[in-house]
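In my numbering, the protein residues as written are 4 to 77.
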């Protein structure tokens, strides 16, 4: 029963990864972060928001309150 689903699921994972990877790479641009840190301009709130949105979309709904609390704390 699971075997017919696996190729479809794998394809969906690969498509999502291909679509999401560029935006995540731009957010986690280490050279830019280092430059901002050197000039005391780094604001991690954007990273926290995107990371927490990703966690909410990938984790069980019971964790949403914890993720929301992390976002507010940031």
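All residues carry an ideal CB built from backbone N, CA and C; glycine is no exception. All values reported here derive from a predicted model rather than from experimental measurement.
Residue j beta carbon less than 9 Å from that of residue i
i: residue 31; j: residue 50; result: yes
i: residue 55; j: residue 36; result: no
i: residue 52; j: residue 33; result: no
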